[in-house]
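In our numbering, the protein residues as written are 2 to 365. Just so it is clear, CB atoms sit at the ideal spot from N, CA and C, and this is done for glycine as well.
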């Protein structure tokens, strides 16, 4: 329960197979009224399958999906009324005008004719297509087609709108416009569930996020909470003059400061530490003693993108024994990863620094 609200949708121990492949693995998830819930994952992670399972397009193999404590598998008519769905493929008819498309979808959902006309005109205004109501859908630009598709999914005033990658293929300006529309729709009281692989979008627009990978829901929470809970370290970036960075780094190591990762990159010292304030204080003393002038300093939390990468990578190598660590590092190097990047990733995943260093030495 979130605050005093029970969940609007609840997935309980959901499994889904497509053919011989297990696509969803023990999904447990609650979605609450009036939120914008984002589902993040790379291509093939299970996003689309999860969305289609939520609305009954796919029959799950095990578990339950509930809407207000009602099993959706036994509520076909209810699903038609409460859910709106926008897939990655346009659902409208290109040989019909925009207005005709909306009237058609309203008829499919048994919206009374007078109400259909009013609703169609309202939605065309909402998505910024009122002046194009008599244009054939096939003559629209890519961004306009996405907006028409969104309007079609809203003709029956659904309580829950599910959107599968609604900004895929759009340029940055059009993506921003689409998200503005989604925010407007949410403010009318519609709960929105949206999938994306663009973390920068989800981070700014969604109230909560679910990270899915290989069919498993790894973590769920508000963007800031995910970053705070799973970003153990902060990043310190230091630029100095005359820039004797090797000597500075050697002194930091000599003093055994609580730094998990230390490197010189792009004329800067970069340090990862769980005690940023303490380490920065000590480093400033080192700079003063070495007569280095501080030009620039910043302390940042890793981005949501870095959290996502760390969580999915941690899942991928979870269970790898230390004697297999060398094999993992070799594979990462073959794929073009630098030793610094590999070391940074492994440190974030909790591998001891001496184990990583030992593996690196054996490879070199």
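Would you call residue i buried or exposed, if buried means 16 or more other Cβ atoms sit within 10 Å of its Cβ?
i           : result
residue 104 : buried
residue 225 : exposed
residue 159 : buried
residue 176 : buried
residue 364 : exposed
residue 295 : exposed
residue 179 : buried
residue 54  : buried
residue 157 : buried
residue 184 : exposed
residue 269 : buried
residue 78  : exposed
residue 19  : exposed
residue 356 : exposed
residue 5   : exposed
residue 115 : exposed
residue 111 : exposed
residue 292 : exposed
Name the residue from the options whose alpha carbon lies nearest to the alpha carbon of residue i.
i           : options               : result
residue 126 : 68, 99, 202 and 258   : 99
residue 143 : 152, 162, 163 and 168 : 168
residue 298 : 361, 240, 139 and 92  : 240
residue 17  : 289, 287, 27 and 222  : 27
residue 192 : 217, 77, 33 and 157   : 33
residue 7   : 22, 289 and 70        : 70
residue 223 : 204, 238, 236 and 237 : 204
residue 162 : 212, 335, 196 and 135 : 196
residue 257 : 267, 243, 276 and 244 : 276
residue 188 : 20, 30, 361 and 37    : 37
residue 267 : 121, 85, 238 and 134  : 238
residue 10  : 73, 173, 134 and 289  : 73
residue 289 : 301, 243, 332 and 302 : 243
residue 190 : 352, 83, 52 and 264   : 83
Please report the residue range of the beta strand (DSSP E) in which residue i lies.
i           : result
residue 11  : 10-19
residue 116 : Segment 114-127 is the alpha helix (DSSP H) holding residue 116; no beta strand (DSSP E) there.
residue 297 : 294-301
residue 283 : It is not in any beta strand (DSSP E) - residue 283 instead sits in the alpha helix (DSSP H) that spans 277-290.
residue 191 : It is not in any beta strand (DSSP E) - residue 191 carries neither H nor E in the DSSP assignment.
residue 48  : Looking at the DSSP string, residue 48 is not in any beta strand (DSSP E); the run it does join, the alpha helix (DSSP H), is 48-55.
residue 240 : 235-242
residue 38  : 37-41
residue 63  : 63-68
residue 337 : Looking at the DSSP string, residue 337 is not in any beta strand (DSSP E), and its letter there is neither H nor E.
residue 219 : 217-222
residue 273 : 270-274
residue 26  : 22-32
residue 73  : First-last for residue 73: undefined, no H or E at that position.
residue 165 : 161-165
residue 45  : First-last for residue 45: undefined, no H or E at that position.
residue 211 : 209-214
Residue range of the alpha helix (DSSP H) that residue i falls in?
i           : result
residue 179 : 173-188
residue 83  : 77-83
residue 146 : 143-153
residue 247 : 246-255
residue 132 : Unbroken run through residue 132: none, as it is neither H nor E.
residue 102 : 99-109
residue 206 : 200-206
residue 264 : No alpha helix (DSSP H) holds residue 264; the beta strand (DSSP E) holding it covers 262-265.
Confirm, please, whether the CB-CB distance from residue j to residue i is below 7 Å.
i           : j           : result
residue 61  : residue 15  : yes
residue 345 : residue 262 : yes
residue 214 : residue 57  : no
residue 45  : residue 13  : no
residue 305 : residue 228 : yes
residue 25  : residue 50  : yes
residue 102 : residue 138 : yes
residue 86  : residue 149 : no
residue 271 : residue 264 : yes
To the nearest angstrom, how far is the alpha carbon of residue i from that of residue j?
i           : j           : result
residue 341 : residue 209 : 32 Å
residue 141 : residue 90  : 15 Å
residue 39  : residue 201 : 12 Å
residue 278 : residue 234 : 12 Å
residue 326 : residue 273 : 22 Å
residue 164 : residue 108 : 21 Å
residue 251 : residue 282 : 17 Å
residue 124 : residue 155 : 8 Å
residue 287 : residue 329 : 36 Å
residue 206 : residue 182 : 11 Å
residue 153 : residue 23  : 32 Å
residue 118 : residue 309 : 44 Å
residue 248 : residue 336 : 32 Å
residue 339 : residue 173 : 30 Å
residue 35  : residue 136 : 33 Å
residue 216 : residue 121 : 38 Å
residue 347 : residue 52  : 32 Å
residue 166 : residue 198 : 8 Å
Mind checking whether the beta-carbon of residue i lies closer than 6 Å to any heavy atom of the ligand MN?
i           : result
residue 194 : The ligand MN is absent from the structure shown, which contains no ligand whatsoever.
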